[in-house]
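The block underneath contains the structure these notes are about, expressed in C-alpha cells.
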Ligand SMILES: Cc1cc2nc3c(=O)[nH]c(=O)nc-3n(C[C@H](O)[C@H](O)[C@H](O)COP(=O)(O)OP(=O)(O)OC[C@H]3O[C@@H](n4cnc5c(N)ncnc54)[C@H](O)[C@@H]3O)c2cc1C
Ligand SMILES: [Zn+2]
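Chains as they are written, first to last, in this note's numbering: chain A, 2 to 403; chain B, 657 to 736.
Written as C-alpha cells, this is what we have:
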C-alpha cells in the first residue's frame, strides 16, 4: 500500500493480538466487508482480518467491476438486487468517493433462441425485483451507437435485454472504504500475515496458525478467494470448487463516449469504458484449472476478434494492459456461503467471476450469520449443503462471466 | 508464448489444443456410501502445486496422455 493511498484513506495497520471473537482470513472485498458490517451493524469489533499480501491484491483488485442483478434464477436476482442497492448507497454510507457510476447493461442476442432467453431474463428479473426490459434493434442502437448490429455479417444482433441499474465502481476504493470503516471502529487488519493452518479442538475450529504464531478465534471466516481449497483442506473439508484463471485487458484511450456495458452471451465477451477512457474487455475463464497469474496472447487474440465483430471501434485501439485473477468456480455458477458444516468455520466462496458486485450484500449477510448464529433467508439457498440436499442452483445468468 | 504439452503421439503442442481432465480421488476416510457418492459427484482436489492429471488432445490425435503440472505456474514437468 503506497503513500498516495494512505493519504487518500486513513488506514491504520495492526499487529495481530493473541485472540479475537472473529478472525477473517483474506483481505479481499468479502472479508473486509464482513468485518465492516460486523462492526457497524452488530457492534462486534474484536475482529481481525488477516491478509497474506496487501488488501485487494486478490480478485477484488483485478476485476472488471460490473455491478448488476440481471441473473437467471429467483434466489440470485433477489440477492444481487439487494447488493446493487447497497452499492447505490455506499458512497454516502462510507463518506468515500467510489467512482460508482450507473451505466446500464445491454445483453445482446444473435439468434431466435438467444432472443427468447433475453425475453425470459427480462420477465424473471422483473418478477423478482430487478429492472430488466427486452429491447429491439432500434433501442439497442440508441443505447449504444457504436455497435455494428450486423455483427460483421456473421453475428447479427436480433435483440437483447437492457438492465438500466447496472453500474461500475472503482474496485480498490471499495476495498479501502470497507477496510477504513472497519478499522475506524476498532477492527484489526494485518497485511503480510498468512494463515498457514486452522486450529481445532474436539471437532471445532478455534483459531488459525500464522508464521507469527497462533491466534485464537471464536469464529473463523474463510474469505480467501481462489485459494479456498488449500485453506479448508487443513481441516479435511472438501469443496465443489475448481480454481480457474480469468483474464481481462484494457486498450488505450477512446473518446469518452461509450456509455453502457455491452455483453454478448454467444460471443462470450463484455466491454465497457473506464473513467480514464480505456476500453475494458473481459471474457470467459481459461479452460484448465490453475493458480497461475500468467496472461497470454491466445486470450487477447480470441477475445479481441470476437469483440471486434460487434465493436469495430476496437480495431483502431491498442492493448495497453492485460492481467489475470484466479477464481473460485462453483459447479452451478452460484456462490457458496454460510456455515461450513464444521463448527466455528464459515465460508464465503464460489464467487468465481461474478463476486465483486456481491461484496456489500455478501459481507452484510455473513456478518449477520456470524453475529446472530442463524443463516439469513437471503443467503440460505447458497449454503454448501445444497449439493448434498440435491438443491443446486444452476444459474446461466452468471455464466456471462462478469 | 503459450505453454506446450508434449503429446506422446504428436510431440510438443500448445496447451490450447488440449482438454483438461481431473483424476478423481475420493478419500478413504469417507466410508458412508452417500458421502462417497456426493464426493464423487461434486468435490474436487483442486490442488495448488505439483499434480498429476490426464489431458485429452482434442485438436490433435484425440488421445489421452498423463501430464505432471505445477498448478501455481503451469510448468509442465512430464508428459507421457
Ligand atoms: C479478470 C476478472 C474480472 C472480474 N470481473 C468481475 C465483474 O465484472 N463483476 C463482478 O461482480 N465480479 C468480477 N470478478 C470476480 C470478483 O473479482 C471476485 O469474485 C471477488 O473479487 C472475490 O472477492 P473475495 O474477497 O472473495 O476474494 P479476493 O479479492 O481474491 O480476496 C481473497 C484474499 O485472500 C488472501 N489470501 C489467500 N489465501 C490466504 C491465506 N492463507 N492467508 C491470508 N490471506 C490469504 C488473498 O491474498 C486475497 O487478497 C472478476 C474477477 C476477475 C479475475
Ligand atoms: Zn496428440
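C-beta atoms are modelled at their ideal positions from N, C-alpha and C, and glycine is treated no differently.
- Taken in chain order, the complete alpha helix (DSSP H) segments of 4 or more residues contained in the region 161-225 of chain A are 172-185.
- The count of Cβ pairs closer than 8 Å, one atom from the region 214-226 of chain A and one from the region 340-351 of chain A, reaches three, so the stretches are in contact.
- Rounded to whole angstroms, the gap between the alpha carbons of residue 112 of chain A and residue 157 of chain A is 8 Å.
- If the five residues before and after residue 704 of chain B are omitted, its C-beta is found closer than 7 Å to the C-beta atoms of 727, 728, all from its own chain and listed in chain order.
- Pairwise C-beta distances place the region 70-77 of chain A out of contact with the region 30-39 of chain A, as fewer than three of them are shorter than 8 Å.
- Distance from the CA atom of residue 732 of chain B to the CA atom of residue 668 of chain B, rounded to whole angstroms, is 11 Å.
- Rounded to the nearest whole angstrom, the C-alpha separation of residue 138 of chain A and residue 169 of chain A is 24 Å.
- C-alpha of residue 328 of chain A to C-alpha of residue 65 of chain A: approximately 13 Å in a straight line.
- Residues of chain A with a Cβ closer than 7 Å to the Cβ of residue 728 of chain B are, in chain order, 292, 293.
- Nearest neighbour of residue 361 of chain A by Cα position, chosen from A/194, A/302, A/80, turns out to be A/80.
- Across the structure, residue 155 of chain A and residue 149 of chain A are spaced so that their CA atoms are roughly 11 Å apart.
- Within the chosen limit of 7 Å, ligand 2 reaches the beta carbon of residue 666 of chain B through at least one heavy atom.
- Residue 666 of chain B sits in coil when the DSSP states are folded into three classes, being neither helix nor strand.
- Look at the beta carbons and you see the region 374-381 of chain A not touching the region 101-118 of chain A: under three pairs across the two are nearer than 8 Å.
- Residue pairing by DSSP places residue 82 of chain A in no beta bridge whatsoever.
- Identification of residues in the region 690-719 of chain B having a C-beta nearer than 7 Å to some C-beta of chain A yields 694, 695, 698, 699, 700, 702, 704, given in sequence order.
- Among the residues of chain B, those whose CB is under 7 Å from the CB of residue 388 of chain A are 694, 698, following chain order.
- Under the criterion of beta carbons closer than 8 Å, residue 324 of chain A and residue 274 of chain A do not qualify as touching, at roughly 18 Å.
- Close to residue 658 of chain B, with beta-carbon spacing below 8 Å, are these residues of chain A in chain order: 297, 298, 299.
- Residues of chain A with a Cβ closer than 7 Å to the Cβ of residue 673 of chain B do not exist, since the nearest Cβ in that chain sits about 11 Å away.
- In terms of beta-carbon proximity, residue 82 of chain A stays away from the interface with chain B, with every pair separated by 8 Å or more.
- It is roughly 5 Å from the alpha-carbon of residue 278 of chain A to the alpha-carbon of residue 255 of chain A.
- When DSSP reads this structure, residue 304 of chain A sits in no beta bridge, so it has no partner.
- When C-beta distances to chain B are compared with 8 Å, the residues of the region 238-251 of chain A below that value are 239, 240, 241, 242, 243, 244, in chain order.
- The closest CA to that of residue 60 of chain A, considering only A/123, A/389, A/164, A/176, is found on A/176.
- Secondary structure note for residue 333 of chain A: it is in no alpha helix (DSSP H), with a DSSP letter that is neither H nor E.
- Residue environment: residue 679 of chain B is assigned as exposed (fewer than 16 neighbouring CB atoms within 10 Å of its CB, all protein chains considered).
- Here residue 336 of chain A is not near residue 698 of chain B, since their CB atoms are 8 Å or more apart.
- Less than 8 Å separates the beta-carbon of residue 78 of chain A from that of residue 126 of chain A.
- Closer than 8 Å to the CB of residue 289 of chain A there is at least one CB belonging to chain B.
- The CB of residue 231 of chain A comes closer than 7 Å to the CB of 704 in chain B, given here in chain order.
- Residue 120 of chain A carries a helical assignment under DSSP once its states are collapsed to helix, strand and coil.
- Going by beta carbons, residue 403 of chain A and residue 283 of chain A fall inside the 8 Å limit.
- Residue 382 of chain A is outside the set of residues whose beta carbon lies under 8 Å from a beta carbon in chain B.
- DSSP, read as helix, strand or coil, puts residue 38 of chain A in helix.
- Interface with chain B (8 Å Cβ-Cβ cutoff): residue 332 of chain A is included.
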